[in-house]
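A.B. asks: Under the UniProt record's numbering, the very last position in the sequence shown is 258; numbers go up by exactly one each time.
Ideal Cβ placement from N, Cα and C applies to all residues, glycine included.
Just so it is clear, the structure is predicted and the values come from calculations on it, not from any experiment.
Mind having a look at this structure? Questions to follow.
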Amino acid sequence: MATSTKLYKPEQTICYGDGREQDLLKFIQDHPRYKQMQDSPLEVLSAVDEYGAQYNFLMNVGKDKGRIVAQQISKQQPRVMVELGCYVGYSAILFGSIHRQCGGTKYISLEINPDFAAVASAMIQLAGLHEHIEIVIGPCEVSLREARTSGRLKTIDLLFLDHQKSAYVGDLMLCEDLGLIDSGSVLVADNVISPGAPGYLEYVRASKDERNDLRVKAAQNSAPSVNPQTGLTYDSTLYRGFEPTGEPDGIEISLCKA
Numbered sequence: 001m002a003t004s005t006k007l008y009k010p011e012q013t014i015c016y017g018d019g020r021e022q023d024l025l026k027f028i029q030d031h032p033r034y035k036q037m038q039d040s041p042l043e044v045l046s047a048v049d050e051y052g053a054q055y056n057f058l059m060n061v062g063k064d065k066g067r068i069v070a071q072q073i074s075k076q077q078p079r080v081m082v083e084l085g086c087y088v089g090y091s092a093i094l095f096g097s098i099h100r101q102c103g104g105t106k107y108i109s110l111e112i113n114p115d116f117a118a119v120a121s122a123m124i125q126l127a128g129l130h131e132h133i134e135i136v137i138g139p140c141e142v143s144l145r146e147a148r149t150s151g152r153l154k155t156i157d158l159l160f161l162d163h164q165k166s167a168y169v170g171d172l173m174l175c176e177d178l179g180l181i182d183s184g185s186v187l188v189a190d191n192v193i194s195p196g197a198p199g200y201l202e203y204v205r206a207s208k209d210e211r212n213d214l215r216v217k218a219a220q221n222s223a224p225s226v227n228p229q230t231g232l233t234y235d236s237t238l239y240r241g242f243e244p245t246g247e248p249d250g251i252e253i254s255l256c257k258a
């Protein structure tokens, strides 16, 4: 992988939730360039990458794959963007900054872990994006249903999936059933190669009939609330890239068609 950016520390068995997220925030707050980070997304991201390279691996999309997503945001210019999995706010800062520049009106980031959300909130505040990015704490299913029911969220123009890989399919099906995904919506799924999301790839790459068969199975098994039918189809493309550790990975980008 040809890059001038220093690689992150290798991913280990325990790679999150061991205090490194709070350690990252302290590193940022004690950083000699802290003042320069205020209202500067790029400075904040640079410091996060510095921590990942010098101290501990972080579950971030990184610069290489981040560029792929950033290009899609600039191309699609979504008004409403939703992110599943905020973690420490790296992708929210990177994509939220571009989203705001493109005239986007709402960026919602869902995070189940309140400790991670607290770190992300502080980072987003520092980057000057707190008025543009909304962090919602709780399980994706609950947060999505509540946002749709309350009317705060009516449609998603670009959905970025970067949470638990096994939850990609179920949460996408839920978004479809809630009417949040429609013709013209764009799905961007991280880590489809490493660690992989085979069920998700099978779903978005399937024909309409094959996809409905998968929904029937989901309704019969683990997701009884799933509607067994959908009229949506997807035009999907795999974009290969690299993790911030240098490991090969890929992002699946899918354009929804009615």
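Evaluate R240 with the Cβ neighbour count: other Cβ atoms within 10 Å of its Cβ, from every protein chain shown; 16 or more gives buried, anything less gives exposed.
C.D. replies: exposed
A.B. asks: Just to confirm, is the Cβ distance from V186 to P78 under 9 Å?
C.D. replies: Contact flag set, yes.
A.B. asks: Check whether the segment 116-133 touches the segment 39-54, counting contact only when three or more Cβ pairs, one atom from each stretch, lie closer than 8 Å.
C.D. replies: yes
A.B. asks: Go through its chain and collect everything with a Cβ distance to I137's Cβ below 7 Å, but skip five positions before and after it.
C.D. replies: E111, P114, A117
A.B. asks: Helix, strand or coil, according to DSSP, for R67 in the structure here?
C.D. replies: Note: R67 maps to helix in three-state DSSP.
A.B. asks: If I'm right that L58 touches L24 with Cβ under 8 Å, what's the distance once you round it to whole angstroms?
C.D. replies: 7 Å
A.B. asks: Do E50 and the ligand NAD come close, with the Cβ less than 8 Å from some heavy atom?
C.D. replies: As presented, the structure is devoid of all ligands, the ligand NAD included, so that no description of it is given.
A.B. asks: Within the chosen definition, does the segment 238-255 reach the segment 65-76 through at least 3 CB pairs nearer than 8 Å?
C.D. replies: yes
A.B. asks: Based on the DSSP output, what are the partners of S236 in its beta bridges?
C.D. replies: S254
A.B. asks: Determine the contact status of T149 and G179, defining contact as a CB-CB distance below 9 Å.
C.D. replies: Between T149 and G179, the CB-CB gap reaches or exceeds 9 Å.
A.B. asks: What runs of the alpha helix (DSSP H), each 4 residues or longer, lie entirely inside the segment 184-211?
C.D. replies: 198-205
A.B. asks: Does the structure place the segment 46-62 close enough to the segment 8-22 that three or more beta carbon pairs sit under 8 Å?
C.D. replies: Verdict: yes, contact present.
A.B. asks: The beta strand (DSSP E) that contains I137, what's its start and end?
C.D. replies: 133-137
A.B. asks: Would you kindly work out how many angstroms separate the C-alpha atoms of residue 269 and A92, rounded to a whole number?
C.D. replies: Nothing can be reported for residue 269, as the shown portion of the chain is limited to 1 through 258.
A.B. asks: Considering only DSSP beta bridges, list what residue 272 is partnered with.
C.D. replies: Because the chain spans 1 through 258 in this model, residue 272 falls outside it and cannot be assessed.
A.B. asks: Let's see if you can read the secondary structure: which residues bound the beta strand (DSSP E) around L129?
C.D. replies: It is not in any beta strand (DSSP E) - L129 carries neither H nor E in the DSSP assignment.
A.B. asks: When you compare the CB positions of L244 and K63, do they come within less than 9 Å of one another, or not?
C.D. replies: Sequence inspection shows Pro at residue 244; the Leu mentioned does not correspond to that position. Going by C-beta atoms, P244 is nearer than 9 Å to K63.
A.B. asks: Taking only three categories from DSSP, how would you classify P248?
C.D. replies: strand
A.B. asks: Less than 6 Å between C-beta atoms, sequence neighbours within five positions excluded: which residues of the same chain meet that for H31?
C.D. replies: Within its own chain, the residues whose Cβ lies closer than 6 Å to the Cβ of H31, once the five positions on either side in sequence are excluded, are A47, listed in chain order.
A.B. asks: Leaving out five residues on either side along the sequence, give the residues of the same chain with a beta carbon under 7 Å from the beta carbon of Q36.
C.D. replies: Counting only Cβ-Cβ distances below 7 Å, and skipping sequence neighbours, we find E43.
A.B. asks: Taking C-alpha atoms, which residue in Y168, S97, I133 lies nearest to P139?
C.D. replies: Y168
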